[in-house]
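Novice: In the working numbering, the protein residues as written are 1474 to 1601.
The beta carbon of each residue, even a glycine, is placed where N, CA and C say it ideally should be.
Take this structure, written in C-alpha cells, and hold onto it; I'll ask about it next.
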Ligand SMILES: CC(C)(COP(=O)(O)OP(=O)(O)OC[C@H]1O[C@@H](n2cnc3c(N)ncnc32)[C@H](O)[C@@H]1OP(=O)(O)O)[C@@H](O)C(=O)NCCC(=O)NCCS
C-alpha cells in the first residue's frame, strides 16, 4: 500500500485544458462560485496520485489522471490509458520487491476536502 497527500491554497487555474480533462472542466464549471475550490481539490487529487506513485508530479500527464464522481458525488480516479499507468510505474522508485507484485493496476482510493482557501486530497494505492 502507498499513500499520497497534497494540500493547496485555493486558486483559479489558467489554461485548464493543460491540467484537467473535459469531464473535469465540465464538472468544475457546474460548481458556480465554488469553482476554484473544486478545481483546486481535483488538482490536489492529481498531485496526491503522483506522490503515492513516487514519481513526483509529471505535469504533462495531469489531464490523464482523471477524477470522476459517482452518483453520490464521491470522487474516484480513472486512469484513461493503461499503458500510461505501466509507463509511470516503470518510472517510479518503487522497490523491486513491491514492483514484482504489481502485474495489474492497483486499486486507487481518493478523498477530497476543501474549506475556505485550502483544499486537500489523499490517494491510497493498494496491490493485491
Ligand atoms: C459528501 C460530504 C461528506 C462532503 O462534506 P463537506 O464537509 O460538505 O465538504 P468537503 O469539503 O469536506 O468535501 C467536499 C468534497 O467531498 C467529495 N464528495 C462529495 N460527495 C461525496 C461522497 N458522497 N462521498 C465521499 N466524498 C464526497 C467531493 O470531492 C467534494 O468536492 P467537490 O464538491 O468540489 O467535488 C457531505 O456533503 C455529505 O455528508 N453529504 C451527504 C452524503 C451523500 O452521499 N450525499 C449524496 C446523496 S445522493
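#1: Is residue 1528 helix, strand or coil by DSSP?
#2: Using 8 Å as the threshold, is the segment 1583-1601 in touch with the segment 1503-1518, meaning 3 or more CB pairs across them?
#3: Helix, strand or coil, according to DSSP, for residue 1548 in the structure here?
#4: Just to confirm, is the Cβ distance from residue 1535 to residue 1519 under 8 Å?
#5: Can you grab the Cα-Cα spacing for the pair residue 1524 / residue 1477, in whole Å?
#6: Out of 1539, 1507, 1474 and 1522, which has the shortest C-alpha to C-alpha gap to residue 1492?
#7: What first and last residue would you give for the alpha helix (DSSP H) that runs through residue 1502?
#8: Does any heavy atom of ligand 3 sit closer than 7 Å to the C-beta of residue 1584?
#9: Give me the residue from 1487, 1515, 1579 and 1548 with the minimum Cα distance to residue 1558.
#10: Can you tell me whether DSSP reads residue 1475 as helix, strand or coil?
#11: Could you check whether the Cβ of residue 1519 sits closer than 7 Å to any heavy atom belonging to ligand 1?
#12: Determine which residues share a DSSP beta bridge with residue 1607 and list them.
#13: Give a single yes or no on whether residue 1509 has its beta carbon closer than 7 Å to a heavy atom of ligand 1.
Specialist: If we stick to the structure as given:
#1: Looking up residue 1528 in the chain shown gives position 55. Residue 1528 carries a coil assignment under DSSP once its states are collapsed to helix, strand and coil.
#2: As far as the Cβ criterion goes, the segment 1583-1601 touches the segment 1503-1518, which means the pair count is three or higher.
#3: Looking up residue 1548 in the chain shown gives position 75. It is a strand residue.
#4: Position 62 of the chain shown, counted from the start, is the residue given in the question as residue 1535. Position 46 of the chain shown, counted from the start, is the residue given in the question as residue 1519. Their beta carbons are under 8 Å apart, which means residue 1535 touches residue 1519 by this criterion.
#5: Locating residue 1524 in the chain shown gives position 51, where the first residue counts as 1. Locating residue 1477 in the chain shown gives position 4, where the first residue counts as 1. The straight-line gap separating the alpha-carbon atoms of residue 1524 and residue 1477 is approximately 5 Å.
#6: Here the question's residue 1492 lines up with position 19 in the chain shown. Of 1539, 1507, 1474 and 1522, the smallest CA-CA separation from residue 1492 is found for 1539.
#7: The residue labelled residue 1502 in the question sits at position 29 within the chain shown. 1495-1502 is the span of the alpha helix (DSSP H), which, as asked, contains residue 1502.
#8: Annotation note on ligand 3: not contained in the displayed structure, which lists ligand 1 as its ligands.
#9: Locating residue 1558 in the chain shown gives position 85, counting from the first residue. Relative to the Cα of residue 1558, the nearest Cα in the group 1487, 1515, 1579 and 1548 belongs to 1579.
#10: Against the chain shown, residue 1475 aligns to sequence position 2. If DSSP states are grouped into helix, strand and coil, residue 1475 belongs with the strands.
#11: Locating residue 1519 in the chain shown gives position 46, where the first residue counts as 1. Remark: the shortest separation between the CB of residue 1519 and any heavy atom of ligand 1 does not fall under 7 Å.
#12: The structure shown does not extend to residue 1607, since the chain spans only 1474 to 1601, so no value can be given for it.
#13: Indexing the chain shown from 1 puts residue 1509 at position 36. No, the beta carbon of residue 1509 sits no closer than 7 Å to any heavy atom of ligand 1.
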